[in-house]
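Novice: According to the UniProt record's numbering, the sequence shown holds residues 1 to 339 in order.
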Amino acid sequence: MGLQGAFASISTLVSVNAAFGGKPQDYAYRVGVGQSATQGAAAVAGVRATASAPRQTTNEKLGFIGGTGNMGSAIIRGLIETQAVSPSDILSSGRDREKLDRLSAETGCTVAADLATLCAEASTLFLCVKPAQCEAVLDSVAAITGGALETKRVISVAAGVPIATLERYLGRQRPEARHARVLRCMPNILVRFGHGVTGITPGNFASAEDVAWTERLLGHLGVATVVDEHLLDAVVAAAGSAPAFVFMFMEALTDAAVREGLPRQVARTFVVQTMSGAAQMAAREAKTHLGELRNRVESPGGTTIAGSCVLEESGFRRAVMAAAAAAAARSRSLGTHYT
Ligand SMILES: O=C(O)[C@@H]1CCC=N1
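1. Alpha carbon to alpha carbon, how far is residue 343 from Glu98?
2. Using three-state DSSP, classify Thr339 as helix, strand or coil.
3. From the DSSP output, in three-state form, read off Phe316 for me.
4. Less than 8 angstroms separating the beta-carbons of Leu138 and Leu166?
5. Go through its chain and collect everything with a Cβ distance to Leu232's Cβ below 8 angstroms, but skip five positions before and after it.
6. Who are Arg153's beta bridge partners in DSSP?
7. Would you identify the three-state DSSP class for Pro187, choosing helix, strand or coil?
8. Bridge partners for Ala224 per DSSP, in chain order?
9. Do the CB positions of Val227 and Glu215 come within less than 8 angstroms of each other?
10. With C-beta atoms as the reference, is His220 less than 8 angstroms away from Leu79?
11. Does the distance from the C-beta atom of Arg192 to that of Arg178 stay below 8 angstroms?
12. Going by other Cβ atoms of all chains shown within 10 Å of its Cβ, with 16 needed for buried, is Ser207 buried or exposed?
13. Drop a sphere of 10 angstroms on the beta-carbon of Val310, count the other beta-carbons inside from all chains shown, and report buried for 16 or more, exposed for fewer.
14. On the three-state DSSP scale, how would you describe Gly291?
15. Does the pairing of the stretch 64–71 with the stretch 90–107 give three or more beta-carbon distances under 8 angstroms?
16. If you measure from each residue's Cβ to the nearest non-hydrogen atom of ligand 1, which ones come out under 6 angstroms, in chain order?
17. Are the beta-carbon atoms of Val129 and Val154 separated by less than 8 angstroms?
18. Of the choices Ala237, Pro175, Gln280, Ile163, whose alpha-carbon is the least far from that of Asn204?
19. For residue 342 and Met250, I'd like the C-alpha separation in whole angstroms.
20. Just to confirm before moving on: does the CB-CB distance between Ile75 and Cys109 stay below 8 angstroms?
21. Gly219 lies in the alpha helix (DSSP H); which residues open and close that run?
22. What are the complete beta strand (DSSP E) segments, minimum 3 residues, inside the stretch 102–147?
23. Output the distance between the C-alpha atoms of Gly171 and Ala257, rounded to the nearest integer angstrom.
24. Answer with buried or exposed for Ser156, where buried requires no fewer than 16 other C-beta atoms within 10 angstroms of its C-beta.
25. If you draw a straight line from the alpha carbon of Ala180 to that of Leu253, how long is it in whole angstroms?
26. Hey, quick one: how far does the alpha helix (DSSP H) through Leu253 stretch, first residue to last?
27. Would Gly261 be called buried (16 or more neighbouring beta carbons within 10 Å of its own) or exposed?
28. Taking all protein chains shown into account, do 16 or more other C-beta atoms lie within 10 angstroms of the C-beta of Thr145, making it buried, or fewer, making it exposed?
29. Gly171 lies in the alpha helix (DSSP H); which residues open and close that run?
30. Got a sec? Which residues, its chain only, sit under 7 angstroms from Val111 by beta carbon, not counting five neighbours each side?
31. Return the chain-ordered list of same chain residues with a C-beta closer than 7 angstroms to the C-beta of Pro131, the five sequence neighbours on each side being excluded.
32. Identify the continuous beta strand (DSSP E) that holds Leu91 and give its terminal residues.
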């Protein structure tokens, strides 16, 4: 086998391993037990903290408004693939009928004929539309559901739209609908594969059971933790936007490896596996300072410290911190815009 062939075999093995590592599929459709941050760290390390927890099933139907968008479809696919929810319990609506049909064909979820059907059948409504569309959609939801609104949870994943604003939108048609059971979430795209992070903030009228239910459900997609609303901007910085920063880092490292001579696909596989392995090591050694983990790789006078010094001289940390601060600031400014 030539060098190229050897790389190809390694690449296949690595991909298969990464795809199936640490994801037992031995639980039936259920809404599982939510994960604390510590349990979440174990889940990141490939140890499913929820695997031995009591099983809980749900017969509730979940309705996704805007289910074909990036976040809506990531949550739907994540819930189905982690077997947290049966496809038959998921309804989706959206503006693009072709995309909806494709989502339904690929996942088994049901396409809701219209918003009225979705609101009538689902007891939890996931609002996965763009922030600017929330007002019109919630107006319609309130008008359609009328007095039945209090029997439903409304879970918004729209970035930057405050709880008070969501409640106000719902209450415009009927003042009592201001008391709707709203929860606001900031998930990241990694919920798609059960390795996501979601910050959850209950609205003023969500019950403790609503909070626990939502934490359990989204805990199936990674780490799901309740945070104060003002901290959702920080969740954007640390998790919501962060996958894009990580992808940029991986892209740059892949280019660098190609420049050093590795075939691109091999370079990509090695970089992705290294990132995944480093994340698992950091999760397993959750009490060890990240700087110490880095120091373990840096031999005195060696290759790594030579590279680390260049990152420091180039302002790597400063750039990362400024990027995260910009993401949080943008999230705050969206919040002000929609107040
Ligand atoms: O870029 C955005 O605005 C959204 C919010 C967090 C991730 N993506």
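Using N, Cα and C, we set each Cβ at its ideal position, and we do this for glycine too.
Owing to the predicted nature of the structure, the values given are computational and were not obtained by experimental measurement.
Specialist: Looking at the coordinates:
1. This structure cannot speak to residue 343, because the chain is shown only from 1 to 339.
2. Three-state result, Thr339: coil.
3. helix
4. yes
5. Arg184, Met186, Gly199, Thr201, Ser331
6. Thr124, Arg181
7. strand
8. Thr198
9. no
10. yes
11. no
12. exposed
13. Under this definition Val310 is an exposed residue.
14. helix
15. Taking a contact to require three or more Cβ pairs closer than 8 angstroms, the stretch 64–71 and the stretch 90–107 qualify as touching.
16. Ala159, Val236, Gly240, Ser241
17. no
18. Ile163
19. Any answer about residue 342 is impossible in this case: the structure gives the chain only from 1 up to 339.
20. Inclusion of Ile75 and Cys109 in the CB contact set at 8 angstroms is not warranted, their separation being larger than that value.
21. 208–219
22. Within the stretch 102–147, the runs of beta strand (DSSP E) at least 3 residues long that lie entirely inside it are, in chain order, 124–127.
23. So the two alpha carbons sit approximately 55 angstroms from each other.
24. buried
25. 47 angstroms
26. 242–259
27. exposed
28. buried
29. 163–171
30. Ser92, Leu100, Asp101, Ser104
31. Closer than 7 angstroms at the Cβ level, and outside the excluded window around Pro131, lie Ala158, Ala159, Gly160, Val161, Leu334, Tyr338.
32. Run containing Leu91: 90–93, per the beta strand (DSSP E) assignment.
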